[in-house]
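Enquirer:
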Amino acid sequence: MLGFLKKPIVFTAEININLVALTLMGLMSRLWGLAYPRAVVFDEVYYGQFVSLYMKRIFFVDDSGPPFGHMLLALGGYLGGFDGNFLWNRIGAEYNTNVPVWSLRLLPALAGALCVPLAYQILVELRFSHCAALGAALLILLENSLITQSRFMLLESILIFFILLAVLSYLKFYNLQRHRSFSGSWWFWLLLTGVACSCAVGVKYMGLFTYMLLLAISGLHFWHMIGDQSFSNVSLMCHFLARGLALIIIPMAMYLSFFYVHLTLLYRSGPHDQIMTSAFQASLEGGLARITQGQPLEVAYGSQITLRNVLGKPMQCWLHSHTNTYPIRYENGRGSSHQQQVTCYPFKDVNNWWIVKDPGMQQLVVSNPPRPVRHGHIVQLVHGITTRYLNTHDVAAPLSPHSQEVSCYIDYNISMPAQNLWRVEIVNRESDTDVWKTILSEVRFVHVNTSAVLKASGLSGASLPEWGYRQLEVVGEKLSKGYHQSMVWNVEEHRYGKSQEQKEREVELHSPTQMDISKNLSFMAKFTELQWKILTLKNEDTEHKYSSSALDWITMDTNIAYWLHPTSGAQIHLLGNIVTWASANIAALVYLGLSLWYLLRRRRKIYDIPEDAWQLWVAAGGISVGGWAVNYLPFFLMEKTLFLYHYLPALTFQILLIPVVLQHLSDHLCRSLLLKNMFSALVVAWFSSVYFVYRTFSPVTYGEPSLSVQELKDLRWKDSWNILIRKQ
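In terms of the UniProt record's numbering, the sequence shown is residues 1 to 728.
(1) With burial defined as no fewer than 16 other Cβ atoms inside 10 Å of the residue's Cβ, what is the status of Lys56: buried or exposed?
(2) Check the C-beta distance from Glu627 over to Leu213 and give it rounded, since I have them as a contact under 8 angstroms.
(3) May I ask you to report which of helix, strand or coil DSSP gives residue 738?
(4) Assign Asn667 to one of three DSSP states: helix, strand, or coil.
(5) Suppose you measure from the CA of Lys713 to the CA of Leu284; what does that come to, to the nearest Å?
(6) Less than 8 angstroms between the CB atoms is what I'm expecting for Asn98 and Asn89, so what's the real figure, rounded?
(7) As an exercise, report each continuous alpha helix (DSSP H) stretch of at least 4 residues that is fully enclosed by the segment 426-496, in chain order.
(8) If I follow the unbroken alpha helix (DSSP H) through Arg105, where does it start and stop?
(9) Can the beta-carbon of Ser486 be found less than 8 angstroms from the beta-carbon of Ser400?
(10) Less than 8 angstroms between the beta carbons of Asn309 and Trp436, yes or no?
(11) Label Trp686 either buried or exposed according to how many other C-beta atoms from any shown protein chain fall within 10 Å of its C-beta, with 16 as the threshold for buried.
(12) Name, in chain order, the residues that DSSP records as bridge partners for Trp717.
(13) What is the DSSP secondary structure of Gly360, reduced to helix, strand or coil?
(14) Please check the pair Ile217 and Gly622, which I expect to be a contact at CB under 8 angstroms, by giving their CB distance rounded to whole angstroms.
(15) Quick check: Glu477 and Ser278, are their CB atoms within less than 8 angstroms of each other?
(16) Since Ser303 sits in a beta bridge, which residues does DSSP pair it with?
(17) Could you name the residues that DSSP lists as bridge partners for Trp353?
(18) Which same chain residues, not among the five before or five after Leu592, have their C-beta less than 8 angstroms away from its C-beta?
(19) Go ahead and label Ser631 buried or exposed: buried means 16 or more other beta carbons lie within 10 angstroms of its beta carbon, across all protein chains shown.
(20) To the nearest angstrom, report how far apart Glu44 and Tyr607 are at their CA atoms.
(21) Label Met28 either buried or exposed according to how many other C-beta atoms from any shown protein chain fall within 10 Å of its C-beta, with 16 as the threshold for buried.
(22) The beta strand (DSSP E) that contains His320, what's its start and end?
(23) Evaluate contact between the segment 135-143 and the segment 673-691, counting only Cβ atoms and requiring at least three cross-stretch pairs below 8 angstroms.
(24) Work out the CA separation of Trp532 and Pro314 for me, nearest whole Å.
(25) Hey, could you find the ends of the alpha helix (DSSP H) Ser698 is sitting in?
(26) With distances taken from CA atoms, which of Ser672, Phe636, Leu364, Leu72 is nearest Glu501?
(27) Ile378 lies in the alpha helix (DSSP H); which residues open and close that run?
(28) Could you check the C-alpha separation between Trp553 and Leu154 for me, to the nearest Å?
(29) Rounding to the nearest angstrom, what Cα-Cα distance links Arg716 and His573 in this structure?
(30) Going by the beta-carbon positions, is the gap between Thr392 and Thr450 smaller than 8 angstroms?
(31) Need the endpoints of the beta strand (DSSP E) that Leu574 sits in, please.
(32) For Phe635 and Gly576, I'd like the C-alpha separation in whole angstroms.
(33) Along the alpha helix (DSSP H) that carries Ala39, what are the first and last residues, could you check?
(34) Going along the chain, which residues of its own chain have a beta-carbon closer than 6 angstroms to the beta-carbon of Pro370, five neighbours each way excluded?
(35) With residue 756 as the anchor, note down where its alpha helix (DSSP H) starts and where it stops.
(36) Quick check on the DSSP output: the alpha helix (DSSP H) that includes His239 runs from which residue to which?
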């Protein structure tokens, strides 16, 4: 039984020294002096706020993209013991001792470091030489802009890491396709492709560009498989289902999981709540939940309610009235009804309370049992404090003369009778007998006499003048003018009225609502709302000192000053290696020119290079040129403030193209030994210049050593670069 002990147990392993050395160099270049400077660097002032909110479990909305990247930055803070207590209000502010700077910057730095060996492996999987793969990795290693971007609490290096990981995983999967389909390693790389794609999209929506590229390449490869008679119909179906599972289903599930974790972590109310619906706000701990939790679910005749406009932007507001009346004549000479003003007020106030009244009864309390209001019912809305009825009539609104004025009716004994009947229409109803529900129901109020719809028009226009206390206009909008969220309302606060006498009712309206049960939204409802807010909520784009256009990026005519030492000349800039950037542009032009030449010659049945070399050339171009195009060209269609760092994913793909072109030129255009030797010498000289530029700009890449005024002036190789020089 113990015969196996007669021989030693031996493990053998192949270690790629190139890969190990590149990984170590990548780690050294990104991790060295990582905690310097111990001050807020450029967009750390932006991402740091979200890290603090994660630490405190406070809900927030960031319109720049999904939450996965923010969660990774927060993970660094969590591992470092960060409690979230730091005021992120100024670039250059010194970090307190409680801020674990090294830990917060660690994950972006690790991601940036691992991009170096990933570049090496991608070229190897594309069947290029190890020398070409080594060149690609060294170019990534010595690219100043990638180093700078990966050494701070920023997301681009994490995005690029997942993009390269997705490309590498797909290439490994594809290379296993012919001989090891459905093996363990085949499944591993296919699944990792989907996981990496979902992570890239989860960090920034820019990751979607590479994801779509890989889906297109996968579709093209599968199309070729369909034409391969060696695959049976059953085999093709299995391949199709495997790709659908790994590249579509799993990424979608992971994308949902990012939001699930995000919403699970951020369960407390915060400053961003107000842009969400009342139902979403009520699901968070504190804030609105303390007021609305346990309110009666069904709105009944006699209910006391506040009505919040669903649009919620640029600010939330509630249907409101007060004792002041519209002026007899407006500034432009038009007349008004001189009725009591009705507005949309952006703050909680006792004058936001209304009572739902049955037009056929006088009582303003809820009966026992309550009589719920349903879709299509006719109601009157009575202002709680003034007891006047919500009314509209054929009088022009103060700011929107083509719409009807909305008021609370005052009987002046003139020929203007009250028109205060409103039909309740539940927009999100499931059936025509749905009950009007607190928070959950989104309703429109349609005026019975004129068919006008109650609308908060002030959310899309100017506020009322001084006589209206700068509050927002409310009008009656004709149905024929279409549907808009500003016409939809939901009940936010709700109680069953018990007091028939006015003085007792006023006391009741001033008192807080009672709680007895809680209501929570489902995850999918919260996800849908949050996703919609992320996609549609846009901060006003303003000109930034370091913003640039996409055309400026190719030739690096711009830079970004990330940090300046408060006393010395030490500073950090986002500046690329100008030799690498120029070489990448030349490589792209050479690739496109040669490809066009080869295509024309092949059309004439002239084959300048072997078929396997042509397939290799096309595959490398599909990845590198395709990756550059999909990550760069969409920015010409975007209406947003752009910065140089947006170009870094595209640049990474373009850098991978340089060794591809160099090897191709060496293998197929340098026919003689002399030409090959001369070409090799030129490549060595060129690479020496890459290293020289890297070393020259290292002081503004790492922020040290401090440079003199003259040394800083010498670094201004382009007039458009903004190198900071202190006045003497």
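Using N, Cα and C, we set each Cβ at its ideal position, and we do this for glycine too.
Expert: Reading it off the structure:
(1) As a first step, residue 56 must be located in the sequence shown, where it is residue number 56. With fewer than 16 Cβ atoms within 10 Å of its Cβ, Lys56 is classed as exposed.
(2) The sequence position of residue 627 within the sequence shown is 627, counting from 1. The sequence position of residue 213 within the sequence shown is 213, counting from 1. Correcting the residue identity first, residue 627 is Gly in this sequence and not Glu. About 6 angstroms separates the two Cβ atoms, so the contact holds.
(3) The requested residue 738 does not occur in the structure, where the chain is confined to residues 1 to 728.
(4) In the sequence shown, the residue the question calls residue 667 occupies position 667. Before going further, note that residue 667 is Asp rather than Asn in the sequence given. Of the three classes helix, strand and coil, the one that applies to Asp667 here is helix, per DSSP.
(5) By 1-based counting over the sequence shown, the position of residue 713 is 713. By 1-based counting over the sequence shown, the position of residue 284 is 284. C-alpha separation (whole angstroms): 54 angstroms.
(6) Residue mapping note: residue 98 aligns to position 98 of the sequence shown, counting from 1. Residue mapping note: residue 89 aligns to position 89 of the sequence shown, counting from 1. Not a contact, Cβ separation roughly 16 angstroms.
(7) Counting only runs of 4 or more, we get nothing.
(8) Here residue 105 refers to the residue found at position 105 when the sequence shown is read from its first residue. Note, Arg105: alpha helix (DSSP H), 101-125.
(9) Against the sequence shown, residue 486 aligns to sequence position 486. Against the sequence shown, residue 400 aligns to sequence position 400. The beta carbons of Ser486 and Ser400 sit no closer together than 8 angstroms.
(10) Reading the sequence shown from its first residue, position 309 is the one you call residue 309. Reading the sequence shown from its first residue, position 436 is the one you call residue 436. Contact: no.
(11) By 1-based counting over the sequence shown, the position of residue 686 is 686. Under this definition Trp686 is an exposed residue.
(12) By 1-based counting over the sequence shown, the position of residue 717 is 717. Its beta-bridge partners do not exist; DSSP assigns none.
(13) In the sequence shown, the residue the question calls residue 360 occupies position 360. The answer is coil: DSSP assigns Gly360 none of H, G, I, E or B.
(14) Position 217 of the sequence shown, counted from the start, is the residue given in the question as residue 217. Position 622 of the sequence shown, counted from the start, is the residue given in the question as residue 622. So it is a contact: roughly 6 angstroms between Cβ atoms.
(15) Translated into the one-based positions of the sequence shown, residue 477 becomes position 477. Translated into the one-based positions of the sequence shown, residue 278 becomes position 278. No, the Cβ-Cβ distance between Glu477 and Ser278 is not below 8 angstroms.
(16) Counting from one through the sequence shown, the residue named residue 303 turns up at place 303. According to DSSP, which records beta bridges pairwise, Ser303 is partnered with Tyr496.
(17) Here residue 353 refers to the residue found at position 353 when the sequence shown is read from its first residue. Note: Trp353 sits in a beta bridge opposite Thr306.
(18) Locating residue 592 in the sequence shown gives position 592, counting from the first residue. Excluding positions up to five away in sequence, the list reads Val625.
(19) In the sequence shown, residue 631 corresponds to position 631, counting from 1. Here residue 631 turns out to be Asn, not Ser, going by the sequence shown. Label assigned to Asn631: buried.
(20) On the sequence shown, position 44 is the one that residue 44 refers to. On the sequence shown, position 607 is the one that residue 607 refers to. So the alpha carbons of these two residues sit roughly 54 angstroms apart.
(21) On the sequence shown, position 28 is the one that residue 28 refers to. Flag for Met28 reads exposed.
(22) The residue you call residue 320 lines up with position 320 of the sequence shown. Element bounds for His320: 318-325.
(23) yes
(24) Stepping through the sequence shown from its first residue, residue 314 is reached at position 314. Stepping through the sequence shown from its first residue, residue 532 is reached at position 532. If you take the alpha carbons of Pro314 and Trp532, they lie about 15 angstroms apart.
(25) Along the sequence shown, one-based indexing puts residue 698 at 698. Element bounds for Ser698: 673-702.
(26) Residue 501 sits at position 501 when you count from the first residue of the sequence shown. The option with the nearest alpha carbon to Glu501 is Leu364.
(27) Counting from one through the sequence shown, the residue named residue 378 turns up at place 378. Annotation for Ile378: no alpha helix (DSSP H) segment contains it, though the beta strand (DSSP E) segment containing it runs 378-383.
(28) Taking the first residue of the sequence shown as 1, we reach residue 553 at position 553. Taking the first residue of the sequence shown as 1, we reach residue 154 at position 154. Going by the C-alpha atoms only, they are around 19 angstroms apart.
(29) As a first step, residue 716 is located in the sequence shown; it is residue number 716 there, counting from the start. As a first step, residue 573 is located in the sequence shown; it is residue number 573 there, counting from the start. In this structure, the alpha-carbon of Arg716 lies about 12 angstroms from that of His573.
(30) Looking up residue 392 in the sequence shown gives position 392. Looking up residue 450 in the sequence shown gives position 450. Against a cut-off of 8 angstroms, the Cβ pair of Thr450 and Thr392 comes out as a contact.
(31) As a working mapping, residue 574 is identified with position 574 in the sequence shown. For Leu574, the uninterrupted beta strand (DSSP E) run begins and ends at 571-574, by DSSP.
(32) For this step, residue 635 is matched to residue 635 along the sequence shown. For this step, residue 576 is matched to residue 576 along the sequence shown. Distance from the CA atom of Phe635 to the CA atom of Gly576, rounded to whole angstroms, is 19 angstroms.
(33) Position 39 of the sequence shown, counting from 1, holds the residue named residue 39. Unbroken run through Ala39: none, as it is neither H nor E.
(34) What you label residue 370 is simply residue 370 of the sequence shown in a count that begins at 1. Around Pro370: Ala300.
(35) Here the chain has residues from 1 to 728 only, and residue 756 is not among them.
(36) Position 239 of the sequence shown, counted from the first residue, corresponds to residue 239. Unbroken alpha helix (DSSP H) run through His239: 233-244.
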